[in-house]
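Trainee:
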Amino acid sequence: MARSFSLEFLPTGGPKWFTYAELQVVADNFSNPIGKGGFDDVYKGELGDHRVVAVKCLKNVTGGDAEFWAEVTIIARMHHLNLVGLWGFCAEKGQRILVYEHVPNGSLDKYLFPASQILSLDKQEVINPRSTDSLKPILDWNIRYRIALDVARVIVYLHEECLEWVLHCDIKPENILLGDDFGLKISDFG
1 MARSFSLEFL
11 PTGGPKWFTY
21 AELQVVADNF
31 SNPIGKGGFD
41 DVYKGELGDH
51 RVVAVKCLKN
61 VTGGDAEFWA
71 EVTIIARMHH
81 LNLVGLWGFC
91 AEKGQRILVY
101 EHVPNGSLDK
111 YLFPASQILS
121 LDKQEVINPR
131 STDSLKPILD
141 WNIRYRIALD
151 VARVIVYLHE
161 ECLEWVLHCD
171 IKPENILLGD
181 DFGLKISDFG
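The UniProt record's numbering puts the first residue of the sequence shown at 1, with every later residue one more than the last.
1. Looking at Ser187 and Tyr100, is the spacing between their C-beta atoms short of 8 Å?
2. Go through its chain and collect everything with a Cβ distance to Asp109's Cβ below 7 Å, but skip five positions before and after it.
3. Using only CA atoms, which one of Val166, Leu139, Val151 lies nearest to Met78?
4. Leaving aside the five residues before and after Asn82 along the sequence, list all residues of the same chain whose C-beta is less than 7 Å from its C-beta, in chain order.
5. Excluding the five sequence neighbours on either side, which residues of its own chain have a C-beta within less than 6 Å of the C-beta of Trp17, listed in chain order?
6. Beta-carbon within less than 6 Å of Ile74's beta-carbon, same chain only, minus the 5 sequence neighbours each way: which residues are those?
7. Have a look at Asn105, Leu178, Phe39 and flag the residue whose alpha-carbon is nearest the alpha-carbon of Gln95.
8. Rounded to whole angstroms, how far is the Cβ of Gly45 from the Cβ of Val26, which I believe are closer than 8 Å?
9. Are the beta-carbon atoms of Leu23 and Cys90 separated by less than 8 Å?
10. What three-state label does DSSP hand Pro33 in the structure shown?
11. Please classify Gly88 as buried or exposed, where buried requires at least 16 neighbouring CB atoms within 10 angstroms.
12. Quick one: measure Cβ to Cβ for Pro114 and Ile138, integer angstroms, because I've assumed they're closer than 8 Å.
13. Check Phe18 in the structure and name its three-state DSSP category.
14. What is the DSSP secondary structure of Val151, reduced to helix, strand or coil?
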């Protein structure tokens, strides 16, 4: 069956079209999970040029190919310091996979709401929904302020500066990723 998508919709120098076999190598046969959601599983990987990536395997892509390709082309055209960069994708053998830059410090929610601070409703016991995560240090107010400003800058970009129309219905601490210097990157913003 011929591909119904044309690469002409991707910007020049945009994300790379990977084969599934290439991504199996990049993600070490999908053996290093770094995230799991209702719609995707995310694995840490390394490209041939030693860039570390997050390989996001989409599950149950119900919108079909048109929705997947629309997402790839829109994200590929968006460029902001505080948006996670899309470096590649795969659409082969029923697989729909996105390859993003890896952001090493994980999501903001783990810093704002450490597992040790989450109590049951009757306050009798500590609930630890992230038992596999090590406790993260609490962020100081200077870092929190910088994060708030960066989130505001991304929202201004999405509303006023971006050439693509984006409805950001999912900007929340779980989708705000923190880099080595606690600079943020927004993921899953569409």
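Yeah, the Cβ is synthetic: ideal placement off N, Cα and C, and Gly gets one too. All of these numbers come straight from a predicted model, not from anything done at the bench.
Mentor: This is what the structure gives:
1. Stepping through the sequence shown from its first residue, residue 100 is reached at position 100. Stepping through the sequence shown from its first residue, residue 187 is reached at position 187. Yes. Within cutoff.
2. Locating residue 109 in the sequence shown gives position 109, where the first residue counts as 1. Closer than 7 Å at the Cβ level, and outside the excluded window around Asp109, lie Pro173, Glu174.
3. As a working mapping, residue 78 is identified with position 78 in the sequence shown. Considering only alpha carbons, the answer is Val166.
4. Taking the first residue of the sequence shown as position 1, residue 82 is located at position 82. Correct list, in chain order: Asp150, Arg153, Val154, Leu184, Lys185, Ile186.
5. One-based indexing of the sequence shown puts residue 17 at position 17. Answer for Trp17: no residue qualifies.
6. Reading the sequence shown from its first residue, position 74 is the one you call residue 74. Result list for Ile74: Glu164, in chain order.
7. The residue you call residue 95 lines up with position 95 of the sequence shown. When each option's Cα is compared against that of Gln95, the closest is Phe39.
8. Working through the sequence shown from its first residue, we reach residue 45 at position 45. Working through the sequence shown from its first residue, we reach residue 26 at position 26. With 8 Å as the limit, Gly45 and Val26 qualify as a contact, their Cβ atoms being about 4 Å apart.
9. In the sequence shown, counting from the first residue as 1, residue 23 sits at position 23. In the sequence shown, counting from the first residue as 1, residue 90 sits at position 90. Their beta carbons are under 8 Å apart, which means Leu23 touches Cys90 by this criterion.
10. The residue labelled residue 33 in the question sits at position 33 within the sequence shown. Looking at Pro33 - three-state DSSP - the assignment turns out to be strand.
11. Within the sequence shown, numbered from 1, the residue matching residue 88 stands at position 88. It is buried - the Cβ of Gly88 has at least 16 other Cβ atoms within 10 Å.
12. The residue given as residue 114 occupies position 114 in the sequence shown. The residue given as residue 138 occupies position 138 in the sequence shown. So it is a contact: roughly 7 Å between Cβ atoms.
13. On the sequence shown, residue 18 is found 18 positions in, with the first residue counted as 1. Three-state result, Phe18: coil.
14. In the sequence shown, counting from the first residue as 1, residue 151 sits at position 151. Note: Val151 maps to helix in three-state DSSP.
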